[in-house]
Structure formats: structure tokens, C-alpha cells
Amino acid sequence: MNRTIKIALTLLLFVVSVTGIAQDKDIPFDKRLFEDRKEGFDEAVKEIKLGDLHFYDGSTSDLTIALGHYLKAQEFNPYSSMLNYKIGVCFLYSNQKFNSLKYLEFAYRVYPEVDPNVRFYLAQAHQLAGNFEEAIALYREHKDLIREGDEAQRNYINKKISECRTGQELKANPVRVWIDNLGDSINTEYPEFSPVISADNRVLFYTARRPDSKGGSTDETGFYYEDIYYSTRDFGGVWSGSINMGDQINTPSHDATVGLAPDGKSLLTYKGINSKNGDIFITRETQPGVWETPTSLGVNINTKYHESSASLSFDEKTLFFESDQPGGFGGHDLYVAYWDEEKAEWGKPLNLGPTINTEFEEKGVFFHPDNKTLYFSSNGHNNIGGLDIFKTVLDAETGVWSKPENIGWPINTPDDDIYFVVTGDTRYAYYSSYRADGFGEKDIYIITFLGDKKDPLIADADLLGTDLLVAENKTQLINQFDDSKLFLVKGVVTDGKTKVGISANLSITNARTNEKITDIITNSDGTYSAILIPGESYAITVSGQSYTIASKTLNSTKEDNNKEVVMNFELFPPSAGGTFVLRNIYFDFDESDLRYQSVDELDKLVKIMIENPTLVIELGGHTDRRGADEYNMILSKQRAEVAKKYLVSKGIDPSRIKTKGYGESQPEISGAAITAMKTHEEKEAAHQQNRRTVVTIISK
Amino acid sequence: MKLSLLLIFLVPFIGFSQAKRSLAARKFFDQAIEQYNKGNSAEALKLFEQCVVEDSSFAEAHLNISYIEFDNKNYSKALGSSLSAFKYNKFQAPVFIQIGKSYYHLAQYDSTIIFIKQGISYGAKEELDYLYLAKALLAEEEFRQATFYFGKAIELNAANATTYNERGSAYYQLGEYELAESDFKKSLELNPGSAAVYSNLANVALALEDNETALSFINEGIAKANPEEKIQLLILKGNYYKNIGDYDNASAAYNEAFELDNQNTVVLNNQASILIELEDYEGAFVKCNEALDLQPEMMEAYFNRGIANEMLRNVEAACMDWEQAFILGSEVAEEYLNSPICNE
Chain X
2 MNRTIKIALT
12 LLLFVVSVTG
22 IAQDKDIPFD
32 KRLFEDRKEG
42 FDEAVKEIKL
52 GDLHFYDGST
62 SDLTIALGHY
72 LKAQEFNPYS
82 SMLNYKIGVC
92 FLYSNQKFNS
102 LKYLEFAYRV
112 YPEVDPNVRF
122 YLAQAHQLAG
132 NFEEAIALYR
142 EHKDLIREGD
152 EAQRNYINKK
162 ISECRTGQEL
172 KANPVRVWID
182 NLGDSINTEY
192 PEFSPVISAD
202 NRVLFYTARR
212 PDSKGGSTDE
222 TGFYYEDIYY
232 STRDFGGVWS
242 GSINMGDQIN
252 TPSHDATVGL
262 APDGKSLLTY
272 KGINSKNGDI
282 FITRETQPGV
292 WETPTSLGVN
302 INTKYHESSA
312 SLSFDEKTLF
322 FESDQPGGFG
332 GHDLYVAYWD
342 EEKAEWGKPL
352 NLGPTINTEF
362 EEKGVFFHPD
372 NKTLYFSSNG
382 HNNIGGLDIF
392 KTVLDAETGV
402 WSKPENIGWP
412 INTPDDDIYF
422 VVTGDTRYAY
432 YSSYRADGFG
442 EKDIYIITFL
452 GDKKDPLIAD
462 ADLLGTDLLV
472 AENKTQLINQ
482 FDDSKLFLVK
492 GVVTDGKTKV
502 GISANLSITN
512 ARTNEKITDI
522 ITNSDGTYSA
532 ILIPGESYAI
542 TVSGQSYTIA
552 SKTLNSTKED
562 NNKEVVMNFE
572 LFPPSAGGTF
582 VLRNIYFDFD
592 ESDLRYQSVD
602 ELDKLVKIMI
612 ENPTLVIELG
622 GHTDRRGADE
632 YNMILSKQRA
642 EVAKKYLVSK
652 GIDPSRIKTK
662 GYGESQPEIS
672 GAAITAMKTH
682 EEKEAAHQQN
692 RRTVVTIISK
Chain V
1449 MKLSLLLIFL
1459 VPFIGFSQAK
1469 RSLAARKFFD
1479 QAIEQYNKGN
1489 SAEALKLFEQ
1499 CVVEDSSFAE
1509 AHLNISYIEF
1519 DNKNYSKALG
1529 SSLSAFKYNK
1539 FQAPVFIQIG
1549 KSYYHLAQYD
1559 STIIFIKQGI
1569 SYGAKEELDY
1579 LYLAKALLAE
1589 EEFRQATFYF
1599 GKAIELNAAN
1609 ATTYNERGSA
1619 YYQLGEYELA
1629 ESDFKKSLEL
1639 NPGSAAVYSN
1649 LANVALALED
1659 NETALSFINE
1669 GIAKANPEEK
1679 IQLLILKGNY
1689 YKNIGDYDNA
1699 SAAYNEAFEL
1709 DNQNTVVLNN
1719 QASILIELED
1729 YEGAFVKCNE
1739 ALDLQPEMME
1749 AYFNRGIANE
1759 MLRNVEAACM
1769 DWEQAFILGS
1779 EVAEEYLNSP
1789 ICNE
């Protein structure tokens, strides 16, 4: 084989083999492996050593410096397990934590024993990424390696495992929210955090560490000093570009937002020199855009310890704040203080107690304008990693706070979630977070609460009918109309109280033959009409849904031919003390047996009794004046009893029906009036009117 | 229409005594009857028409013309002739009934109700009279009255499977599901092969949350259904599966219905509902639009499009959709309108 080709092939093989093996194999910084790249190797090793100088010191800022060196070495050889491990750890303690996972994963994969703590750090990286199952497994493996007797470490790992379990639960039931970056009018490549918002969601103040800060210089972390900025929006509009609050509020040192009164006119700020001491101030907007010089909240609030977060109630008479002063439960705790009108100062603060405060940190407090809900961040309670946002509700009667509730995934992440504020209508919240879609460093995000899932509606399938008229037979023709003598009865059925026409059922029966003439339903306005043959007597009974009965007898004569007769009815709902009259219950003269023609009306009464199961009635029998008083009294009682018997036979409880005979004692038309009538027919009609059964509702 | 009603109630009652007919008119009339009885409807029709030329006030002839036209399914002509009969004799039950029936077939149900009710109050009491009235009431969503008149028809003929089915539908609309079920079962007893009744029974079972029974009725019905019935049964099937959270099978059922009729708004809307469950909001939006193009007052489609719009971040459009849904009767849409979603 040609020599050139041989060398080329060998090189190709080497490259392929090195490339192929390096994905799953540890390539340490061993000069024997890099003899052909000596210069680059030496540089890389130098960077590693420089990085090591800071890495083992352990402070966060040192790790950031170390990271810089390590990444340079990584460019030379990306496959060293130890280098990847160190880079992963550095990232884990930086503001770019999400980058740690791939380095730690590689290190662990190619050399599981690269460091005794690799499982621990990798577990943390997985936890941050929301891979809780993997994190739990690694924490457990690491726990097995913990030295006997090191209970502190063991307890710490147990807590991490617990956080992961909580994370699994919350992730399985995510809160329905949109989480959106506020965009480049608010956020930049620099840190923006600690948003505070007016209740009407129109004014936003927040803290940023940008080159245009008042101080203009950076602190030991390398970030610019904190300044306070604000932005506004119109109804339904977008946030305006951010504006530095300027000399009124900002100083060359750190100035940060802490809280905002719901009306947006009183701003709480933080001033601090270092992490051990910081105080809370308040400033008020006296005119649009003009703010007072911030004043301290006073000695009862500001101690020589660290106070950095506060929130005012709607009436600005109650102040919630965080402090790490002694006497708490551990770390920062939450306190409440009340404004003393007499002394014009804040009163002595009270620790909010063990329901809220834990041995861990409680920070970032916000009291909602609803005057009962408190939001705060904690890495105690049932968090899923770092500080999580919780809410608790005050029972105004007992003064007891509810058990804090984690507000859920994905609002809470395994990293720190803090400075959470909610608008008055609870539709939106703002907080600062470090997310992949940010502009760089922490950004401010808006959370839109979508509420419960909205169920879509399905439309029902149509009910299927048949065109019943398809099979209709050939029509029978008319030879001649029946032009019998006829008369028209018409009228309207109304509600007895409102006098408004109502829909009702009308039964018309020939009173003599009991032949049902027609059953009709009135028009919706209560009107009806019917054609009848004159010279007959008709029983008309009207009933309606949720009403009692009305009945009348229509006695027509042959002279009614071609005439119109108006017969109106009023119906009343059943009510205690109410009465209605049944006129079409028939007895033969001097008899107490029910005529068969009467059942229609009694059946309607049965229906009313069934529809109103608690109705108790009295059936009052009335006779006309013919016959002796005492006799008529007995007869009317007997007739009432017979009617009752019919109702009982239809299943009505007899205890619901009282009976009484009134005889001729309560005529509708007096004897004198009847005597004065001229015709026999008129008198008979009057007697008939007096013969009736009155239904009185005793109770409903 | 209202004018006709006014005429009934404002014109004073005038008795109509037997008019004297000309011999010629009478002759034509009698010949027409004879021809009709021999089965020569066309010839009978011509003779009746000649009759009314001779005597335009011959109400019976007008009515008979209406009957023949009705039998020939010429409902407009049938209506015209029956109104002519009415012009000359306003108080005959058969005239009112015939006018009502003609209006029914022209889908003017409010007029049907007025005239047939009048006919009944004037003494008409055939099964078919009650059925026409009941069907018209059903179409006008007067369900309670419809059940009353279906009941009257059943009193006259308890063996009509269709009547039970229709009354069952009225009870269903009233939410009286047990009564509906009873009527549907009776109908099925009288007509065991009816896919329509199986479908209705399935609807009731779903309303009573007896899903298993509903599914068995649906499957029975599909086996017996014609294409139009099958669509409704597939919708039912889809609704059943959606109610139990089986979106795959629900989607399959709706899609099969869609293949049979891609203009069915219920199908389109329900497909949209599944897409919403599956979080395909853009797909749901498209389906809702299609439904609303076909049926601009479909409450469910507005409601669902509102959900899709909200999830697509078109909150203002969502609120407008829910406003429409509210106007069309959705109480839940009203809640959304009053919530912070639509009230910043």
C-alpha cells in the first residue's frame, strides 16, 4: 500500500478511535496523552491550577473565578472527568445553575468515583432540572456513603429527598398558569428582581443591578450596586420602558425595593451596606413623580440585624417584615407590627409564630390587599428546593394563620423563588426568577393564573323522531259541513292575584250526559274559545300548574244560538286559608250519592292533593235553601263525606281531608235575591250556584 | 299570520246557515265526489275547481281541493284552498284542522298551533289532529303542552309507536327523564327495529348517567341505523366516551360521524371539545369556526372557541366569544365574563 495512504488511514483510525472512545471515557490531563499538543496542554494545566486556587476556597465568588479558568482548560480537553466535575460544581453555585447538569453527568458517567461528593452534586443538578426521580436515587446512594455518626449531613440529605418527593407530587399536579418574561422594556442582561406592584397593576417598582446605577460601580460579587427602577402601564397596555428613580431614592450604595402600598403611593425600600445589616425605609409620592426622602421605619423595626423585606396592609396600619434578629425560630423569620397612632410610630414587632416560621429561612413577605392572605418564601415547610413561595390565610375571628400551602409547580422551582407579589384581583403575580428564556441573570416574570380548567361543552345529539305523517291515509272528503246551531264561549284565565293571563287546562263536559266535549289548553295569554251546541248545560273546569281549580257551570238555552258567551276564570295558588269552589260535583236532589258526572272535577282535586303532598283541606258542603235547615245541614255533611271518600279511594290520606256541612247557611245568592228573580230559569240557576262544595285550604 | 289570528277573534261570531248552491256548482261537486271515491283524484280535483268557479263561496269544495292537494303533497296549494274555505265558513273544525296541517308541512309551526287548537276547541278530536298539534308544539319547544296533546292521541290509539317516541322526546326536553324512558321503551316495544328509539333511549341513559346502558343502546341502534340516524348515534357514542374521559374513542366516533356529514355542527363542535381536552387549541379554533359558519348562533361553539382563544392568548377575543355564549344562554360564560379574565 502506498505509504501516504497508510499514514492517512492510521491517522483517520486514531481520530475515529479517540473521538469514539472519548464520549464514554475519561481522558485525564496526562501529558503522555497529549504529547503532540504540548503547548496547549501546558496552558490548560496552568488554567486548572489557577482555578484550583479559588475552587477549594469555597466561596461563591471564588467559584465564579475558578469557573472562568476551568472553562478555558475545557476548550483544550473536554473529556476529563475531574475537570467536568469541577466545572459542574462551579456552575451549581453560580447564577447559571442549569449548566451544571451536563458536566456532572459526564463526570459521573465516565468515572463514578471522580469525587466522593459527585453523587451529591449530581443529585442537586437533577433536582434543579426537575428530574426528581433521578435526584432521589442519587441522594440515596450518597447517603449510603455518609460517615457513621454524621447526623447533620444525613438529615440534610433526608431533607433533599423530601424536597424531591414534594417536587414529584407538585409536578404531577401543575398549577394552571402562564409564566412570561416581562420583556426587554423591563429586563436586561443584568439582574432584575424584587418586583413590587400596585393593587391595580399599573405601577411596577423593582430592583436592578445595571451600569447606570447611582453608584456606577460594582461590589465584591462583580455586579453593579442595586438601584430602584419603575415602570407604568395603561389599562390593558404594556409596560413602559424602565426609569431609574434617580437621586430622590437611589444612592451610591445598594437601594432595593422591598414593598409597595396597594395604592402605589408609599414605597418601602431597603438600604444596606452588607449582608449582615440592612434596614427598611419608607418614602411617599407627594406629587406625581416626586418622592420624599426615604425615612427609617424606626427602631422597633430596624435593628442591628438584617431586615430586607416588608409589606404593608391596605390601610397601611399593619406591617409584615422579615428579620434575622435573635429570638426567632431560625434564620430569617417573619414578624408583624402595628402602627401606634398615639406615638406615631410602629409598635413592637411580634414573631408570626411556628405555623409560619421554621428553623429555616422565611423571606420575601407580601400581604395581599384582601387583608388576609400572606405570601412568603421559605426553604422550610414542604418546599421542592431552595426558597419556595407559600401562602397562608388569616382567620379574622380567631387570629390564627392557616398551615402554609406551597403555591405549586411550575411557579415554584427547585431553585430560589422569592419576591412574589399578587395583584388585587389575584389574576396576576410577579416575581423574579432565573429561567432559560431570560435575558440573562435574574429577570422579572409575570404569572397569569388561569384558574380551574375550563371544560369544553359538547352539544347533545338530536333526539330522533319519525315523520308520523308519512303514512297518513288518503283523506276523507267533506260532503257537507255540519251547520248545527252553535254558540261561542270564550274568555280568559288569569292569576287571581296578579290578574295576568296564564296558561291553563280547560275541560268542557256536557253536564247532562257527562260526554267530554273538549280538553284544551289556553293560549299563553290565558285566552280560549270553544264552539258549543246551545241548549245544553256544560261543566267547565279550569286547572293550572301550581294553582287550585276553578269551575263554573254554563247553562245555555236554544236562544244562545249564534251568540257569544264570555266566561272568565281566576286561579289562585294553594295557600293556607285560601278557598276555591267546585261546582261540578253533582248529587241527585235529596241524595248523597255522587253522580258519575262529578269525577272529572274530583280527579282534578286529587291531582292537586298529590302535587301538594302537605296540603290539608276542608270540604265544605253547601245546599240550596229548599228543604229544612237541619236536614240540609246533615245532607251537606254527608255529601262532603262522600266526596272525601272518593279522594281517599284515589290514595289521598284521609287525615288530610276534613269535612263539614254548612247546609243552606252560607248561600252565595241570598233567598231574598232569588225570590226577587222573575223567571224560573233564573231561580234554578241561582239555586244551582248555591249548591256547591267549597274547598278550604287549612294548611299547606 | 297574526292577522289571521286576529280575524278569528275580532270578527263577531256569525252563524252560518246552509247556503243555497247553484245546480251547476252542486253537480260539479257531486261528480267530483264520485270521481274521488273511484280513485280518480286528478279528475275530482278538476271538477272541484270547476265547482268553485261556478260558486266561489262553496266552502266544502275549497276544502276538498285542499285535501286533494294535500294528498299530492302540494302544501302551499293546500293551504291556499283551505284558507279559501275559511273565508266562507269560519266555524268549522275541519277547516281549522286542514289549515293547521298545511301550515305544519310548510314548517310554520306557530300558525299550526293556533289553527289546530282552534279546531280542537271547535270539536275536532281525531288522533291525527292531536298529533299534528303536538308535533307543532314540540317544534316550538312548548314541551309541556306537547305532552298533553300526545297524551290525548294515546288515549285514542295506544298502539302508535311513533306517538310514544315523540312524547318521550317532549319529556326528555322537560328533563323528565324517567317518563321519557318509559315512553321510549313503550315505543320500542311496539316497534323493536327502530334505531331512532335506541338513540333516544341512549340519550336518556346518558342524562341519567347510566353510561353502560347508554353504550349498549348506542351499539344496538348503530346496527339498525340508516346514515342519518347513524350520525346521531355516533355523536352519542362520542359523547359517552368523552364523559368517561376516553378521548381516543370519542375522537374516533366523532370523526366517523364527520365522514358521514362534514357539515354537521354538533359533530364539528364536539370534535372541537376533544381537541381542547387534548390541548390542540388551534385545531379546536378551526373546528369552532366551521361550526359557527354553518350555525351562527351555536352557543356551545362560541363557548368552546372562547376557551381555545384564551389558551391561544387571545384573551379579548375569548371574552367576546363568551359574551356571545352568554347571550345565547350559557351561565358559565357569564361567570367567565364577570371574572378577572375579562375585567382587568
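Going down the list, the protein sequences come from chains X and V. Residue numbering for the first sequence follows our numbering, starting at 2 and increasing by one per position. Residue numbering for the second sequence follows our numbering, starting at 1449 and increasing by one per position. Even glycine gets a Cβ: it sits at the ideal position worked out from N, Cα and C.
According to the DSSP assignment, X:Asn511 belongs to the beta strand (DSSP E) that extends over Asn506 to Asn511. Per DSSP, reduced to three states, the secondary structure at V:Gln1498 is helical. Three or more beta-carbon pairs separated by less than 8 Å link the segment 610–629 of chain X to the segment 656–670 of chain X, which places the two stretches in contact.
Excluding its 5 nearest sequence neighbours in each direction, X:Thr697 has C-beta neighbours in its own chain below 7 Å: Thr580, Ile618, Glu619 and Gly621, listed in chain order.
For the pair X:Asp25 and X:Ser82, the Cα-to-Cα distance works out to about 10 Å. When C-beta atoms of the segment 197–217 of chain X are compared with those of the segment 155–170 of chain X, fewer than three pairs fall below 8 Å, so the two segments do not count as touching. Chain V places a beta carbon closer than 8 Å to that of X:Tyr529, counting this residue as a contact.
Taking 8 Å as the cut-off, the beta carbon of X:Ser232 is found closer than this to the beta carbon of X:Ser243.
Using a CB distance cut-off of 8 Å, X:Pro457 counts as an interface residue toward chain V. DSSP links X:Tyr225 through a beta bridge to X:Thr219. Those residues of the segment 221–254 of chain X placed with their C-beta closer than 9 Å to a C-beta in chain V are Phe236 and Gly237, ordered along the chain.
Taking C-beta atoms as the reference points, X:Gly502 and X:Met568 fail to come closer than 8 Å. Around V:Ser1569, the beta-carbon contacts reaching into chain X at under 8 Å are Thr519, Ile521, Tyr529, Ser530, Ala531 and Ile532.
At least 8 Å separates the beta-carbon of X:Ala67 from that of X:Asn85. For X:Gly545, DSSP records no beta bridge to any residue.
For V:Asn1718, the C-beta contacts it makes with chain X under 8 Å involve Ile459 and Ala460, in order along the chain. Residue range Asn278 to Gln288 is occupied by the beta strand (DSSP E) that includes X:Gln288. Sequence-ordered contacts of the segment 1638–1652 of chain V with chain X read Ala1644, Ser1647, Asn1648 and Asn1651 [C-beta pairs closer than 7 Å]. At a cut-off of 8 Å between beta-carbon atoms, V:Leu1684 makes contact with chain X. Taking a C-beta cut-off of 7 Å against chain V, none of the residues of the segment 361–375 of chain X qualify. Here V:Arg1615 is buried, its C-beta having at least 16 other C-beta atoms within 10 Å. Taking a cut-off of 8 Å for Cβ pairs, the segment 1549–1563 of chain V and the segment 1519–1531 of chain V touch, as three or more such pairs fall below it.
The C-alpha of V:Arg1474 lies about 9 Å from the C-alpha of V:Asp1503. When DSSP reads this structure, X:His255 sits in a beta bridge with X:Gly273.
In this chain, the alpha helix (DSSP H) harbouring V:Ile1755 covers Met1747 to Met1759. Counting the other Cβ atoms within 10 Å of the Cβ of X:Pro192 gives 16 or more, which makes it buried. Interface residue (Cβ-Cβ distance to chain V less than 8 Å): X:Leu465 is classified as such. Along the length of the segment 1634–1716 of chain V, whole alpha helix (DSSP H) runs at least 4 residues long occupy 1643–1655, 1659–1672, 1675–1691 and 1695–1708, reported in chain order. V:Val1500 has a beta carbon lying at 8 Å or more from every beta carbon in chain X.
Straight across, the Cα-Cα distance linking V:Glu1764 with X:Asp341 is about 46 Å.
X:Thr660 is bridged by DSSP to X:Leu620. Beta-bridge pairing by DSSP links X:Arg693 to X:His623.
Within the DSSP secondary-structure output, X:Lys392 pairs in a beta bridge with X:Tyr376 and X:Glu406. Neighbourhood of V:Tyr1515 in chain X, by CB distance below 7 Å: Thr476 and Leu478, in chain order. The beta carbon of V:Phe1518 is closer than 6 Å to those of Ala1526 in its chain, skipping five residues each way along the sequence.
With contacts defined as CB atoms closer than 8 Å, V:Ala1582 and V:Ala1572 fail to qualify as a contacting pair.
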